[in-house]
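Beneath this line is the structure, given in structure tokens, with notes to follow.
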Amino acid sequence: MDCTRTRQLLQAYVDHELEVSPALELEEHLRRCDACRARYHTFRQLRATVGAAIAFTPAPDALRRRIAQRLHTQEIRARPWWARRAALVAVPAVLALVAATLVLVPKSDDSLRGSPVEKIVYHINEGTDPATALRNVANHLQLTPGLKAVVVAHNKGVDFLLMGARDDDGQLFEDQVAALKARGVDFRVCGNTLSRRHIDPTRVIPEAKLVPSGVAEIGRLQTKEGYAYMRL
Amino acid sequence: MTGDVKRRRFERLILPHLDAAYDLARWLMRDGAAAQEVVQEAYLRAFRYFDSFHGDEGRAWVLAIVRNTCFSALDREPPAGRFEEFDESLHCDGPEWVPGPESAAMTHETQTFVRDAVAALPEEFRETIVLRELHGLSYREIAAVTDAPIGTVMSRLARGRGMLAKALASRAKKE
């Protein structure tokens, strides 16, 4: 093997990527050629220097836990609805819900309201505090069994529905959204907002559904489906 | 594949590479918090598309997803894997750097200098150097992760090392 060929193959040799036979020929050349041998040592030294300087940073435990938890909820989401509910809500809570439905719903329907179901579209826009908004929806749900609730997020209001978004206490919004979703609340995100703000739609958490336009969706729900509008 | 079987297989083949995934994301994003978000998203994507993965070696597969998620978070196209000619002159000129006596026991300053020099490399060289030197991936695996021909991987490795050698040489001259 000559110097030109040796220089071509030197990097692969230093990286242990060379097959045995060319490696043997190259070693034979290195024994005879001082210049190539010097190059070889410099190359090795450079690798060692770089390898020793750059350190591997392992993943933080919090990230590991968060991913494990999210995988678990994804798996639950893939199950049929009855299996999902059983996994998400503890048994006593299910019993309490059943009892509440049996006792409270007929009573409140008979005595308090003429309309069979209350339907509300909540609008989350720029300036809405999403943590407060979610709490309001949860309270509303608590007091009004059978409430049909749709949350439409638009403008800066979409931010809490993006992956990894957290409230001021560091809690993931996605967990809160998933809990409300399990109670029947629908979340819809304005597609126009995403394209205007160059937000990749895959960043939207899977609990939320994409609609072409937030404004059109609110209009449609009010006029075609009889929803009342509430700005949070 | 039922949900449970899928999750167990995912935990066995993909989760063990979380450290590598996070480290690569840190080098590409140059920011720990951003790297965490990217890796979380990449892992959920990987889980969603896991049915399309049939191998037994998940590292290159998941690192490729992490890399793509990084570039989409950076709002940039990943470096294209063009068929570059394997440029001999690059390999024949060789590193200009001559290792000094301090190389045996590297000073803290040198370590910081080299780390910064790697972080300052253009993306295609940075990711190739990191995958090789830090993660110990073979040329073939790097080609799979970065979606580039093997010749391109070798050129990038050689050029990236050349840049680092040049940086070290000019530093040695100053001292």
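Line by line, the protein sequences give chains Y and B. Sequential numbering of the first sequence, starting at 1, is according to the numbering used here. Sequential numbering of the second sequence, starting at 1001, is according to the numbering used here. Ideal Cβ positions, reconstructed from N, Cα and C, are used throughout, including at glycine. It should be emphasised that the depicted structure is a prediction, and the values quoted were computed from it without experimental measurement.
Tyr229/Y, buried or exposed, once every other Cβ within 10 Å from all chains shown has been counted against 16: Against the first sequence, residue 229/Y aligns to sequence position 229. It is exposed - the Cβ of Tyr229/Y has fewer than 16 other Cβ atoms within 10 Å.
Buried or exposed (CB count within 10 angstroms, at least 16 for buried), Lys181/Y: Taking the first residue of the first sequence as 1, we reach residue 181/Y at position 181. Under the 10 Å beta carbon count, Lys181/Y is surrounded by 16 or more other beta carbons and is classified as buried.
Neighbour flag for Asp169/Y against chain B, beta carbons, 7 Å: Position 169 of the first sequence, counted from the start, is the residue given in the question as residue 169/Y. Cβ-Cβ to chain B under 7 Å: no for Asp169/Y.
Under 8 Å (Cβ pairs) to chain B, residues found in the segment 11 to 22 of chain Y: Result list: Gln11, Ala12, Asp15, Glu17.
Simplified DSSP assignment, three categories, for Leu1015/B: Counting from 1 along the second sequence, the entry for residue 1015/B is found at position 15. In this structure, Leu1015/B counts as helix in the three-state DSSP scheme.
Alpha-carbon spacing of Leu256/Y relative to Gln171/Y, whole angstroms: The requested residue 256/Y is not part of the displayed model; chain Y covers only 1 to 232.
Cβ neighbours of Asp168/Y in the same chain (closer than 8 Å, five flanking residues each side left out): To locate residue 168/Y, count along the first sequence from 1; it is residue 168. Here the set comprises Ala131.
Selection from Glu126/Y, Thr57/Y, Leu141/Y that minimises the alpha carbon distance to Leu1018/B: On the second sequence, residue 1018/B is found 18 positions in, with the first residue counted as 1. Checked all of Glu126/Y, Thr57/Y, Leu141/Y; the closest Cα to Leu1018/B is Thr57/Y.
Given Val1005/B as reference, the closest of Phe1047/B, Asn1068/B, Tyr1043/B, Glu1141/B once Cα atoms are compared: Residue numbering aside, residue 1005/B sits at position 5 when the second sequence is read from its first letter. Comparing alpha carbon positions, the residue from Phe1047/B, Asn1068/B, Tyr1043/B, Glu1141/B closest to Val1005/B is Phe1047/B.
Nonlocal neighbours in the same chain, by C-beta distance under 8 Å from Val137/Y, ignoring five residues either side: Indexing the first sequence from 1 puts residue 137/Y at position 137. So the list reads Tyr122, Ala149, Val151, Leu180, Val185, Leu232, once near-sequence residues are dropped.
Cβ contact check for the segment 26 to 37 of chain Y and the segment 2 to 9 of chain Y: 3 or more pairs under 8 Å: Contact between the segment 26 to 37 of chain Y and the segment 2 to 9 of chain Y is present, because at least three Cβ pairs lie under 8 Å.
One or two residues paired with His123/Y in a DSSP bridge: Along the first sequence, read from residue 1 onward, the residue named residue 123/Y stands at position 123. Here His123/Y is bridged, per DSSP, to Val152/Y, Arg231/Y.
Partners in chain Y for Ala1158/B, counting only beta-carbon separations shorter than 7 Å: Here residue 1158/B refers to the residue found at position 158 when the second sequence is read from its first residue. Residues of chain Y whose Cβ lies closer than 7 Å to the Cβ of Ala1158/B are, in chain order, Gln11.
CB of Leu1121/B within 7 Å of CB of Gly1058/B, strictly: Sequence index remark: in the second sequence, residue 1121/B carries index 121 (1-based). Sequence index remark: in the second sequence, residue 1058/B carries index 58 (1-based). Contact flag unset, no.
Bridge-paired residues (DSSP) for Arg166/Y: Here the question's residue 166/Y lines up with position 166 in the first sequence. Under DSSP, the beta-bridge partners assigned to Arg166/Y are Leu172/Y.
7 Å Cβ cutoff met for Phe43/Y and Val20/Y: Numbered from 1 along the first sequence, position 43 holds the residue referred to as residue 43/Y. Numbered from 1 along the first sequence, position 20 holds the residue referred to as residue 20/Y. No, the Cβ-Cβ distance between Phe43/Y and Val20/Y is not below 7 Å.
Closer than 7 Å to chain Y by CB, Leu1134/B: To locate residue 1134/B, count along the second sequence from 1; it is residue 134. Yes, Leu1134/B lies at the interface with chain Y (some Cβ there is under 7 Å from its Cβ).
Start and end residues, beta strand (DSSP E) containing Val1130/B: As a first step, residue 1130/B must be located in the second sequence, where it is residue number 130. Careful: Val1130/B lies outside any beta strand (DSSP E) and carries neither H nor E.
Per-residue contacts from Arg1115/B into chain Y (C-beta, under 7 Å): Working through the second sequence from its first residue, we reach residue 1115/B at position 115. Neighbours of Arg1115/B on chain Y, chain order: Ala53, Ile54.
Range covered by the alpha helix (DSSP H) that runs through Cys1070/B: By one-based count along the second sequence, residue 1070/B stands at place 70. Under the DSSP assignment, Cys1070/B falls in the alpha helix (DSSP H) whose first and last residues are 1059 to 1073.
Delimiting residues of the alpha helix (DSSP H) encompassing Leu9/Y: In the first sequence, counting from the first residue as 1, residue 9/Y sits at position 9. From DSSP, the alpha helix (DSSP H) with Leu9/Y extends over 3 to 14.
Straight-line Cα distance separating Asp200/Y from Leu18/Y: Translated into positions along the first sequence, residue 18/Y becomes position 18. Translated into positions along the first sequence, residue 200/Y becomes position 200. C-alpha separation (whole angstroms): 42 Å.
Integer-rounded CB distance, given that Leu1024/B should sit under 8 Å from Leu1063/B: If you number the second sequence from 1, residue 1063/B lands on position 63. If you number the second sequence from 1, residue 1024/B lands on position 24. Contact annotation, Leu1063/B with Leu1024/B: C-beta distance approximately 6 Å; criterion of less than 8 Å satisfied.
Outcome for Val117/Y when other beta-carbon atoms lying within 10 angstroms are tallied against a minimum of 16: Taking the first residue of the first sequence as 1, we reach residue 117/Y at position 117. Exposed, because fewer than 16 other Cβ atoms sit within 10 Å of the Cβ of Val117/Y.
Val189/Y: first and last residue of the uninterrupted beta strand (DSSP E) it sits in: One-based indexing of the first sequence puts residue 189/Y at position 189. First-last of the beta strand (DSSP E) with Val189/Y: 186 to 190.
CB contact below 7 Å: Asp57/Y versus chain B: For this step, residue 57/Y is matched to residue 57 along the first sequence. Asp is not the amino acid found at residue 57/Y; the sequence shown has Thr there. At least one CB of chain B lies nearer than 7 Å to the CB of Thr57/Y.
Local Cβ density within 10 Å of Leu1164/B, reported as buried at 16 or more and exposed below that: Stepping through the second sequence from its first residue, residue 1164/B is reached at position 164. With 16 or more other Cβ atoms inside 10 Å of its own Cβ, Leu1164/B counts as buried.
Cα-Cα separation between Ala1042/B and Lys1174/B, rounded to whole angstroms: For the purposes of this step, residue 1042/B is taken as the residue at position 42 of the second sequence. For the purposes of this step, residue 1174/B is taken as the residue at position 174 of the second sequence. Roughly 43 Å separates the two Cα atoms.
Proximity test, Cβ basis, 7 Å: Phe1125/B and chain Y: Here residue 1125/B is taken as the residue at index 125 of the second sequence, counted from 1. Output row for Phe1125/B: interface = no.
Close-in-space but distant-in-sequence residues of the same chain around Glu174/Y (CB under 6 Å, 5 per side omitted): As a position in the first sequence, residue 174/Y is number 174, starting the count at 1. Taking C-beta separations shorter than 6 Å and ignoring five residues to either side along the sequence, the partners of Glu174/Y in its chain run Ile205, following chain order.
Spatially closest choice to Gly127/Y from Arg197/Y, His154/Y, Ser195/Y, by CA coordinates: Start at 1 with the first residue of the first sequence, and residue 127/Y comes out as number 127. Closest by alpha carbon: His154/Y.
CB of Ala1119/B within 7 Å of CB of Ala1167/B, strictly: In the second sequence, residue 1119/B corresponds to position 119, counting from 1. In the second sequence, residue 1167/B corresponds to position 167, counting from 1. Not a contact, by the Cβ cut-off of 7 Å.
Buried/exposed call for Ser1052/B, threshold 16 Cβ in 10 Å: Sequence index remark: in the second sequence, residue 1052/B carries index 52 (1-based). Around the C-beta of Ser1052/B, fewer than 16 other C-beta atoms lie within 10 Å, and the residue is accordingly described as exposed.
Limits of the unbroken alpha helix (DSSP H) element including Val1145/B: Counted from its first residue, the second sequence places residue 1145/B at position 145. In the DSSP assignment, Val1145/B falls within the unbroken alpha helix (DSSP H) covering 1139 to 1146.
Cβ-based neighbour list, Ala1177/B, same chain, cut-off 8 Å, excluding 5 preceding and 5 following: Since the displayed chain B opens at 1001 and closes at 1175, residue 1177/B lies outside it and no answer follows.
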